[in-house]
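**Student:** Chains A and B supply the protein sequences, listed in that same order.
Sequential numbering of the first sequence, starting at 1, is according to this note's numbering.
Sequential numbering of the second sequence, starting at 1001, is according to this note's numbering.
Sharing a structure, written as structure tokens. Questions coming.
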Amino acid sequence: MNKYLKIWLKNTALSLQSDLTTRGSTLFFILGKISRFYFFLIFIFIILGKTGHIMTYSTDQVFIFYLIFNLFDILGQFLFRGIYWFRARIISGDFDLTLTKPISPLFLVMTDKTDFLDFPLLLIVLYLLVEQIMSYSVVNILIFIGLGLCGLIIVTAIHIFIASLGILTTEVNNIIWIYRDLSAMAKFPIDIYNLWIRSFLIFIIPIGIIFTFPAKALLGMISWQSVVYSVILSIGLLILSLKVWQASLKKYSSASS
Amino acid sequence: MNKYFQVFKTSLQEIFTYRLSFLLWKTRSVLGLLASYFTWLAIFQGKSIIAGYTSKSMFAYVFGIYLLSELIANSESINIGEEISSGDLSNYLLKPINYFYYWFSRDLASKVMSAIFAIIIIFFLFILFKPVFFFNQNIFFLPFFLFSVFFAIALNFYLNILISFFSFWYPEHSGWPHRFFLNIVLTFLLGMYFPLDIFPKIISQLLTILPTAYILYFPLQIYLGKISNFEIFWRMLVMFFWTILLIKLSKSVWTAGLKKYSSEGR
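Laid out in structure tokens, this is it:
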């Protein structure tokens, strides 16, 4: 385990060095991400300033949903940005080199790059979230943390599925962006969608469980059945994704090298 | 003219060759449309009018933004920055081809395919969700609407290539960092999140002076019948002014950029 931590820290340090080498570009990316966050926040507050609520959710509650969406969305990118470069590794044959190393290739693929461009926004979101969280009960906060961990496990599993698909089809980029756009559907609570889309976002691609369930837990709006479902699904998906990854590795043909 | 038609044709063929990639890419904007439609549906629950928009006019705006962004704002020319950064631009400079017309032809092919895809998607979404939206029955708006769309395509093209030309001076990361930042700002200024007149009046007036307001927002305001004939007329003049200014500016920046260009990476 210590070996993996060392490698992650080394990769993270290298990512930071790389970002600092191209400071102008880094600034554009960071400004872009922060602008995107605030532009949507302007939208939320302007609309809610005129309506007072969306469905049964008040302005403060919608704000919580938006912050928690951003938190897990950013964490996914911050930790697993390496997946965005996986296709290039496969089609260039560089993945062969990864396979020859005495360390889990999945770990190397997923954590190849830690995205520091998301870090300033992560701090902003955390600051705003901690400010909001203080007014909720300890029990709600603990369930929120638990379901947040389940959400992160599902995010990890989805990234593993995408990496596996990358090996089988060399298609990574479009899939990861579709996942990102599906995620963006959870900027607001998924209750806004009709039954079919809502079911899809809970049972097929569990975006709702990653983003909406933890927020509902914090607001004290979640049932115990949903909590149990989140825990079972997250563990199940992680196990399944690891099995799919192992199966896909057996199909890897090293065609480009 | 014929050679640019050939570029248009080969660009279409390229899209058909990479069908899956095209479909997956376009699926992304459909997800955005769904999110936007259901968000507004939830916002309008129990409300008949918000910021001067009825639910019917807002749904028309949401679907209109989707269709027009595929037809107008969708652009292949965002890749120009990458060509400048990689030095691939040299390939074009050696050929008897106008770089602006070449990319405009490529843009048109992409717009045609994207708009056809968008119309099919809208058709299916209408069958699935049966949204009730405002349909302008006043035929008077149509020539103005089409005229504004025509100019919006030109306006968007020249604005886009101006942003790409920044790569002459800043080629890092294939010209994507500034493109990324400006795309986010543009998404906001184009009115893709929400109509610009939802803002307080002073901010709204400031935003609607900018050229970005004439790319999607203005044609949709004409469609929705939210502006008077007199306002359509003078805003058309402003739009015409911005288009001419951006054409002139992009040509000057292109000339200056070529002096700076060193074909790095070749």
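Note that the Cβ used here is the ideal one computed from N, Cα and C, for glycine as well.
Since the model is a prediction, treat every value here as computed from it, not as a measurement.
Does the beta-carbon of Val1007 (chain B) have 16 or more other beta-carbons within 10 angstroms, so that it is buried, or is it exposed?
**Tutor:** Along the second sequence, read from residue 1 onward, the residue named residue 1007 (chain B) stands at position 7. Buried, by the Cβ-count rule.
**Student:** For Tyr66 (chain A) and Phe45 (chain A), I'd like the C-alpha separation in whole angstroms.
**Tutor:** Position 66 of the first sequence, counting from 1, holds the residue named residue 66 (chain A). Position 45 of the first sequence, counting from 1, holds the residue named residue 45 (chain A). Rounded to the nearest angstrom, the two C-alpha atoms are 11 angstroms apart.
**Student:** Going along chain A in order, which residues have a C-beta closer than 7 angstroms to the C-beta of Ser1021 (chain B)?
**Tutor:** Translated into positions along the second sequence, residue 1021 (chain B) becomes position 21. Per Cβ cutoff of 7 angstroms: Asn174.
**Student:** Show which residues of chain A have a CB atom less than 7 angstroms away from the CB atom of Val1185 (chain B).
**Tutor:** Within the second sequence, numbered from 1, the residue matching residue 1185 (chain B) stands at position 185. Correct list: Ser35.
**Student:** So which of A:Phe86, A:Ile47, A:Asp115 and A:Tyr229 has the shortest CA-CA distance to Gly151 (chain A)?
**Tutor:** For the purposes of this step, residue 151 (chain A) is taken as the residue at position 151 of the first sequence. Residue A:Tyr229 is the option with its Cα nearest to Gly151 (chain A).
**Student:** Taking a Cβ distance cut-off of 8 angstroms, strictly less, list which residues of the stretch 1143-1172 of chain B are near chain D, in chain order.
**Tutor:** Although the question refers to chain D, the structure presented lacks it and instead comprises the protein chains A and B.
**Student:** When the Cα of Ile1065 (chain B) is compared with those of B:Asn1160, B:Glu1083, B:Val1030 and B:Ile1080, which residue comes out closest?
**Tutor:** Your numbering for residue 1065 (chain B) matches position 65 in the second sequence. Checking every option, the nearest Cα to that of Ile1065 (chain B) belongs to B:Val1030.
**Student:** Quick one: what does DSSP say Thr59 (chain A) is sitting in, helix, strand or coil?
**Tutor:** In the first sequence, the residue the question calls residue 59 (chain A) occupies position 59. Thr59 (chain A): helix per DSSP, three-state reduction.
**Student:** Answer with buried or exposed for Val172 (chain A), where buried requires no fewer than 16 other C-beta atoms within 10 angstroms of its C-beta.
**Tutor:** Within the first sequence, the letter at position 172 stands for residue 172 (chain A). It is buried - the Cβ of Val172 (chain A) has at least 16 other Cβ atoms within 10 Å.
**Student:** Determine the direct distance from the alpha carbon of Leu249 (chain A) to that of Ser25 (chain A), and round the result to whole angstroms.
**Tutor:** Numbered from its first residue, the first sequence carries residue 25 (chain A) at position 25. Numbered from its first residue, the first sequence carries residue 249 (chain A) at position 249. Their Cα atoms are separated by approximately 35 angstroms.
**Student:** Taking 6 angstroms as the cut-off, is the CB of Phe1038 (chain B) close to at least one heavy atom of the ligand PLP?
**Tutor:** Inclusion of the ligand PLP in the displayed structure is not the case, the ligand content being empty and no account of it being possible.
**Student:** So, for Leu1071 (chain B): in the same chain, excluding its five sequence neighbours on each side, which residues have a beta-carbon less than 6 angstroms away from its beta-carbon?
**Tutor:** Numbered from its first residue, the second sequence carries residue 1071 (chain B) at position 71. Excluding sequence neighbours, Leu1071 (chain B) sits near Lys1111 and Ala1115.
**Student:** Let me know if Gly1191 (chain B) comes out buried or exposed under the rule of 16 or more other beta-carbons within 10 Å of its beta-carbon.
**Tutor:** Here residue 1191 (chain B) is taken as the residue at index 191 of the second sequence, counted from 1. That one is buried.
**Student:** Do you know how far the Cα of Thr56 (chain A) is from the Cα of Glu1014 (chain B)?
**Tutor:** Walking along the second sequence from the start, residue 1014 (chain B) turns up at place 14. Walking along the first sequence from the start, residue 56 (chain A) turns up at place 56. Rounded to whole angstroms, Glu1014 (chain B) to Thr56 (chain A) spans 48 angstroms at the Cα level.
**Student:** Within this structure, are the beta carbons of Ser1167 (chain B) and Ser1090 (chain B) separated by less than 7 angstroms?
**Tutor:** Counting from one through the second sequence, the residue named residue 1167 (chain B) turns up at place 167. Counting from one through the second sequence, the residue named residue 1090 (chain B) turns up at place 90. Not in contact: Ser1167 (chain B) and Ser1090 (chain B) (Cβ atoms no closer than 7 angstroms).
**Student:** Please report whether the beta-carbon of Lys1047 (chain B) lies at a distance below 7 angstroms from any beta-carbon of chain A.
**Tutor:** Within the second sequence, the letter at position 47 stands for residue 1047 (chain B). Yes, contact with chain A.
**Student:** What's the gap between the Cα of Pro1171 (chain B) and the Cα of His1178 (chain B)?
**Tutor:** Position 171 of the second sequence, counted from the start, is the residue given in the question as residue 1171 (chain B). Position 178 of the second sequence, counted from the start, is the residue given in the question as residue 1178 (chain B). The straight-line gap from Cα to Cα measures roughly 10 angstroms.
**Student:** Could you have a look at Tyr1053 (chain B) and say whether DSSP puts it in helix, strand or coil?
**Tutor:** Counting from 1 along the second sequence, the entry for residue 1053 (chain B) is found at position 53. Tyr1053 (chain B): strand per DSSP, three-state reduction.
**Student:** Using Cβ-Cβ distances below 8 angstroms, what residues of the stretch 1021-1036 of chain B are close to chain A?
**Tutor:** The residues in question are Ser1021, Leu1024, Trp1025, Thr1027, Arg1028, Leu1031, Gly1032, Leu1034 and Ala1035.
**Student:** DSSP beta-bridge partners for Ile54 (chain A)?
**Tutor:** Taking the first residue of the first sequence as position 1, residue 54 (chain A) is located at position 54. Bridge partners of Ile54 (chain A): A:Tyr57.
**Student:** Go ahead and label Val125 (chain A) buried or exposed: buried means 16 or more other beta carbons lie within 10 angstroms of its beta carbon, across all protein chains shown.
**Tutor:** Here residue 125 (chain A) corresponds to residue number 125 of the first sequence, with the count starting at 1. Buried is the call here.
**Student:** Determine the DSSP secondary structure at Gln1045 (chain B), reduced to helix, strand or coil.
**Tutor:** Counting from one through the second sequence, the residue named residue 1045 (chain B) turns up at place 45. It is coil, neither helix nor strand.
**Student:** Does any residue of chain B bring its CB to less than 7 angstroms from the CB of Ile30 (chain A)?
**Tutor:** What you label residue 30 (chain A) is simply residue 30 of the first sequence in a count that begins at 1. So no, Ile30 (chain A) is outside the interface.
**Student:** I'd like to know if Trp85 (chain A) contacts chain B, where contact means its C-beta is closer than 7 angstroms to some C-beta of that chain.
**Tutor:** As a first step, residue 85 (chain A) must be located in the first sequence, where it is residue number 85. False, the Cβ-Cβ gap to chain B never drops below 7 angstroms.
**Student:** Return helix, strand or coil for Asp191 (chain A), following the three-state DSSP convention.
**Tutor:** Residue mapping note: residue 191 (chain A) aligns to position 191 of the first sequence, counting from 1. If DSSP states are grouped into helix, strand and coil, Asp191 (chain A) belongs with the helices.
**Student:** Could you work out which residue in A:Phe107, A:Phe116 and A:Val139 is closest to Thr156 (chain A) when comparing CA atoms only?
**Tutor:** Within the first sequence, numbered from 1, the residue matching residue 156 (chain A) stands at position 156. Of the listed residues, the one whose Cα sits closest to Thr156 (chain A) is A:Phe107.
**Student:** Three or more C-beta pairs under 8 angstroms: does that hold for the stretch 122-141 of chain A against the stretch 212-222 of chain A?
**Tutor:** In short, these stretches touch, since the Cβ pair count reaches three.
**Student:** Listing by chain order, which chain A residues have their CB less than 7 angstroms from the CB of Ala1051 (chain B)?
**Tutor:** The residue labelled residue 1051 (chain B) in the question sits at position 51 within the second sequence. The answer, in chain order, is Lys50.
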